[in-house]
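These notes are about the structure you will find just below.
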Amino acid sequence: MITIFSKKNLVIVLTPLFVIAAGFYALIHGSVTVTIPEIWTVLTTDAPSVHRTIIVDLRLPRMLIGLLVGACLAASGALLQGVMKNPLADPGIIGVTSGGGLAAIVCMILLPEYSYLLPATAFAGALITTLIIYSLAWDRGASPVKIILAGVAMNSLLGAVMNGFMVVYSERVQAVLPWLAGGLNGRSWYHLEFIAPYAIIGLLLSFFAIKPSNILLLGDDSAKLLGHHVELQRFFIIILAAFLAGTAVSVAGLVGFVGLVVPHVFRLLTGNDYRLLLPLSIVGGAGLVVLADTIARSWFDPVELPVGILLAALGAPFFLILLRKRRML
Amino acid sequence: MKAIQTKNIGLDLGRFQLQSVSTAFPAEKITAIIGPNGSGKSTLLKIISRLLAADAGEVFIDDMNVKMFRTKEFAKTLTMLPQSKELLLQLTVRELVSYGRSPHQKRFGYKMAAADEEIVNWALEITGTVKHADRMYHTLSGGEQQKARIAMSLAQKTDILLLDEPTTFLDIAHQFDVLEILREINQQYRVTIVMVLHDLQQAVKYSDYLVAMKKGNIAAAGVPEDVLTSAFLKNVYDIDAKVKYEDGYPLIIPAIGNVAKDGTGG
Ligand SMILES: Nc1ncnc2c1ncn2[C@@H]1O[C@H](COP(=O)(O)OP(=O)(O)OP(=O)(O)O)[C@@H](O)[C@H]1O
Ligand SMILES: [Mg+2]
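Quick note, the sequences are listed as chains H and C, same order. Residue 1 is where the first sequence starts when you use UniProt numbering, and the numbers rise one by one after that. Residue 1 is where the second sequence starts when you use UniProt numbering, and the numbers rise one by one after that.
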């Protein structure tokens with residue numbers, strides 16, 4: 001039964017290869033193809049050139065941001081699916097999407113001159129919304145079901161406010177739309193510098209959530225009997241998930257489906273042990289966003305699609321296929 | 001000596017109340033809790049094991065209020081095999097049993113000490129689950145799963161072990177198997193055992209002390225042979241039956257045809 005070529009081992013080997021391939025593809029491919037030797041020259045010499053502008057100023061930061069955004073979203077989704085004991089949980093469920101989205105809209109519509117504050121505003125909006133949802137669900141403990149219900153209510157409320165803003169300020173909505181769709185167009189070193197510290201801290205912290213995530217899957221009662229502070233652990237994991245997704249949303253906008261689909265796929269492939277699931281989700285999510293972003297910006301020339309739209313368009317049918325297959329098992 | 005003592009435990013769950021439950025479970029002995037479905041057995045165990053907070057009253061373990069224990073300390077003192085079978089994590093039996101060591105480990109430690117490893121092996125051996133050690137838990141049969149979960153509780157190496165219906169899901173041979181294992185644990189390692197059983201004959205045979213519950217109250221408590229009588233069966237279960245002993249094993253012989261239709265006490 002235990003063979004070197006088991007499905008599990010294959011996934012463990014292929015996933016890192018996938019992210020490396022996606023990274024190179026993102027650097028090489030575009031309206032101008034830059035070959036690997038040319039990339040090497042650009043990175044090792046200082047001479048200014050067109051290739052240099054394309055690689056260093058455009059593709060490299062965008063690729064790195066894509067890696068971090070994908071990693072954060074997938075990690076967030078993986079943690080939430082465990083802590084909520086619900087394979088369909090994603091960062092939207094704890095208000096990251098609606099909270100971050102509303103904050104971003106308010107910022108862009110009411111304070112357009114402060115648009116550089118957008119990432120920070122969206123980030124704060126996401127985290128605050130999560131905290132509100134959590135406290136609404138609290139009643140001698142916050143069970144996953146109550147959190148999900150509070151999240152649904154909060155999401156629809158914030159969604160209504162968001163729509164209200166967009167109707168009232170319809171002439172300024174144009175500026176918000178790309179962000180709402182989710183994309184990496186025009187993201188550069190400034191944005192990378194903004195999210196890199198949060199993303200790296202969040203991802204490192206997520207490794208501390210591996211053991212508690214597993215323990216929570218033993219069941220609340222078993223976890224308590226094993227001497228774990230179930231409520232406290234659940235709270236920290238939820239906040240960490242909000243922090244990770246908020247980080248991603250802050251610069252990439254409302255990119256959906258990564259947080260839902262990526263952990264789900266790896267769960268189907270390798271099981272739900274977080275010692276494997278979390279690292280694989282992080283790596284796979286990073287690769288997926290970079291690959292999808294490269295496709296979104298280069299395959300539909302002259303239009304550049306927001307990656308969020310492409311991910312949703314491809315993710316939805318893919319997900320439906322997965323669900324159908326799963327039912328047959 | 002009393003390992004566990006409850007004083008005036010009260011809990012209101014709406015349609016069901018525990019009404020000032022005061023009872024005690026002797027140390028280093030096996031106690032069986034019996035009673036009809038819905039009489040509050042699981043609820044009482046959950047309060048003792050701190051999974052549920054009572055509205056009133058106190059639980060003491062060796063004269064220490066359970067509220068005074070730190071979470072991890074408590075998990076080294078007392079554990080329970082819950083009646084609910086929730087377990088979503090996909091892992092091998094050995095990994096599951098290893099979780100029993102977690103109260104004894106550092107919070108973020110991943111490596112098992114050799115001593116922990118040894119205890120896990122011991123728990124696997126004594127429950128006979130060692131032959132499934134490397135199989136995935138969710139591929140085991142219900143009975144095998146139950147034994148694996150018992151092994152996890154044993155690996156916790158607590159002084160007190162509560163078990164909520166440890167023999168459900170098991171065929172008759174495995175039922176006696178588990179009861180023998182528990183007796184061995186009790187006799188060899190002096191573990192205080194409190195278990196909920198529905199089979200009254202087994203309860204009498206395998207316990208030193210019997211506590212019977214009815215509608216959230218303690219209906220009777222004492223030496224098993226004294227508790228289990230015809231009058232008791234009528235009072236608690238509302239059945240007419242005779243109790244006989246054959247070679248030291250109790251037999252309950254119902255007066256067929258007279259078994260009450262609504263014989264539940266809850
Ligand atoms: N969370 C709850 N809310 C409301 N009622 C509850 C709750 N938990 C248990 N009850 C009720 O309390 C009563 C006692 O339940 P308990 O699980 O303690 O019974 P039990 O003696 O263990 O029964 P069984 O032999 O069927 O396991 C039942 O009537 C049950 O419906
Ligand atoms: Mg019960």
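Virtual Cβ for every residue (Gly too), placed ideally from N, Cα, C.
Inter-residue Cα distance where the pair is residue i and residue j
i, j, result
"ASP164 of chain C", "SER250 of chain H", "49 Å"
"VAL69 of chain C", "LYS76 of chain C", "Here residue 69 of chain C is Phe; the residue named in the question, Val, does not match the sequence. About 10 Å."
"ILE34 of chain C", "PHE236 of chain H", "40 Å"
"VAL130 of chain C", "ILE256 of chain C", "43 Å"
"LEU117 of chain H", "CYS107 of chain H", "8 Å"
"THR44 of chain H", "LEU310 of chain H", "34 Å"
"LYS325 of chain H", "GLY315 of chain H", "15 Å"
"PHE74 of chain C", "ALA296 of chain H", "55 Å"
"ALA248 of chain H", "ILE195 of chain H", "7 Å"
"MET154 of chain H", "ILE201 of chain H", "28 Å"
"GLU225 of chain C", "VAL204 of chain C", "7 Å"
"LYS46 of chain C", "TYR190 of chain H", "54 Å"
"VAL191 of chain C", "THR79 of chain C", "11 Å"
"VAL97 of chain C", "GLU231 of chain H", "23 Å"
"ASP62 of chain C", "ASN235 of chain C", "32 Å"
"THR210 of chain C", "GLY57 of chain C", "The sequence as given places Leu at residue 210 of chain C; Thr does not occur at that position. Each residue's Cα considered, the two are about 22 Å apart."
"SER39 of chain C", "GLY216 of chain C", "5 Å"
"ALA126 of chain H", "ASP199 of chain C", "54 Å"
"GLU246 of chain C", "VAL227 of chain C", "17 Å"
"GLY265 of chain C", "PRO144 of chain H", "Low confidence applies to GLY265 of chain C: its pLDDT is 42, below 50, so where it sits in the model is not reliable enough to give any reading."
"ALA312 of chain H", "PHE257 of chain H", "6 Å"
"TYR134 of chain H", "PRO279 of chain H", "26 Å"
"ARG149 of chain C", "PRO82 of chain C", "9 Å"
"VAL56 of chain H", "PRO178 of chain H", "24 Å"
"LEU218 of chain H", "LYS211 of chain H", "11 Å"
"PRO103 of chain C", "ILE218 of chain C", "32 Å"
"THR15 of chain H", "GLU86 of chain C", "31 Å"
Proximity winner among the options, relative to residue i (alpha-carbon distances)
i, options, result
"TYR274 of chain H", "H:ILE237, H:ASP57, H:LEU79 and H:GLY101", "H:LEU79"
"GLY101 of chain H", "H:THR129, H:LEU88, H:PRO112 and H:LEU111", "H:THR129"
"LEU170 of chain C", "C:LEU182, C:SER141 and C:GLU184", "C:SER141"
"LEU276 of chain H", "H:PHE5, H:SER6 and H:VAL11", "H:VAL11"
"GLN90 of chain C", "H:ILE295, H:LEU216 and H:ILE282", "H:LEU216"
"LEU320 of chain H", "H:VAL261, H:ILE148 and H:PHE207", "H:VAL261"
"LEU73 of chain H", "H:LEU58, H:ILE93 and H:PRO61", "H:ILE93"
"ALA122 of chain H", "H:GLY95, H:SER143, H:TYR134 and H:ILE147", "H:GLY95"
"THR168 of chain C", "C:THR71, C:LYS234 and C:SER84", "C:SER84"
"SER298 of chain H", "H:ILE28, H:LEU110, H:ALA223 and H:VAL173", "H:ILE28"
"ILE54 of chain H", "H:LEU68, H:VAL32 and H:LEU64", "H:VAL32"
"VAL265 of chain H", "H:PHE5, H:LEU88 and H:GLY186", "H:LEU88"
"LEU268 of chain H", "H:LEU14, H:VAL173, H:LEU322 and H:GLY23", "H:LEU322"
"ILE65 of chain H", "H:PRO119, H:LEU192, H:ALA71 and H:VAL283", "H:LEU192"
"ALA137 of chain H", "H:ASN163, H:ALA120, H:LEU110 and H:ARG234", "H:ARG234"
"ILE185 of chain C", "C:SER153, C:VAL196 and C:LEU44", "C:SER153"
Whole-angstrom C-beta distance between residue j and residue i, which should lie under 8 Å
i, j, result
"GLY259 of chain H", "ASP46 of chain H", "Going by Cβ atoms, the distance from GLY259 of chain H to ASP46 of chain H rounds to 40 Å, so no, they are not a contact pair."
"ALA231 of chain C", "ALA221 of chain C", "That pair is no contact at about 15 Å."
"residue 342 of chain H", "GLY308 of chain H", "Past the edges of chain H, shown from 1 to 329, lies residue 342 of chain H, and the structure says nothing about it."
"GLY253 of chain H", "GLY183 of chain H", "6 Å"
"THR31 of chain C", "ASP159 of chain C", "In fact, because the Cβ distance is near 14 Å, the residues do not count as touching under 8 Å."
"LEU88 of chain C", "ASN272 of chain H", "7 Å"
"LYS8 of chain H", "THR294 of chain H", "About 28 Å separates the two Cβ atoms, so there is no contact after all."
"ARG101 of chain C", "ASP134 of chain C", "Not a contact, Cβ separation roughly 18 Å."
"ASP55 of chain C", "GLY14 of chain C", "Actually they do not touch by this definition, with Cβ atoms about 12 Å apart."
"TYR114 of chain H", "LEU291 of chain H", "Incorrect: roughly 33 Å between the Cβ atoms, too far for contact."
"GLY287 of chain H", "VAL19 of chain H", "4 Å"
"ILE239 of chain C", "PRO254 of chain C", "6 Å"
Amino acids of chain C, ordered along the chain, whose beta-carbon sits closer than 8 Å to that of residue i
i, result
"GLY159 of chain H", "Under the 8 Å cutoff, chain C gives no residues; its nearest Cβ is about 30 Å from GLY159 of chain H."
"ASN272 of chain H", "LEU88, LEU89 and GLN90"
"ASN9 of chain H", "None at all; the shortest Cβ gap to chain C is about 16 Å."
Interface partners of residue i on chain C, CB under 7 Å
i, result
"LEU218 of chain H", "LEU87, LEU89 and TYR99"
"ASN214 of chain H", "LEU89"
Amino acids of chain H, ordered along the chain, whose beta-carbon sits closer than 7 Å to that of residue i
i, result
"PRO166 of chain C", "The contacting residues do not exist; PRO166 of chain C stays about 14 Å from chain H at best."
"LYS41 of chain C", "Under the 7 Å cutoff, chain H gives no residues; its nearest Cβ is about 15 Å from LYS41 of chain C."
"LYS72 of chain C", "GLY227"
"MET80 of chain C", "LEU225"
"PRO250 of chain C", "Within 7 Å Cβ-Cβ: nothing; PRO250 of chain C doesn't reach chain H, min ~32 Å."
"PRO103 of chain C", "LEU226 and GLY227"
Neighbour list for residue i in chain H, Cβ cutoff strictly below 9 Å
i, result
"THR129 of chain C", "Residues of chain H passing the Cβ test: none, with the nearest at roughly 17 Å."
"LEU51 of chain C", "ASP220, ASP221, LYS224 and LEU225"
Per-residue contacts from residue i into chain C (C-beta, under 9 Å)
i, result
"HIS264 of chain H", "Within chain C, no residue comes near HIS264 of chain H; the closest Cβ sits about 14 Å away, beyond 9 Å."
Residues near ligand 2, criterion Cβ-heavy atom distance below 7 Å: C:LYS41, C:SER42, C:GLN83, C:ASP164, C:GLU165 and C:VAL196
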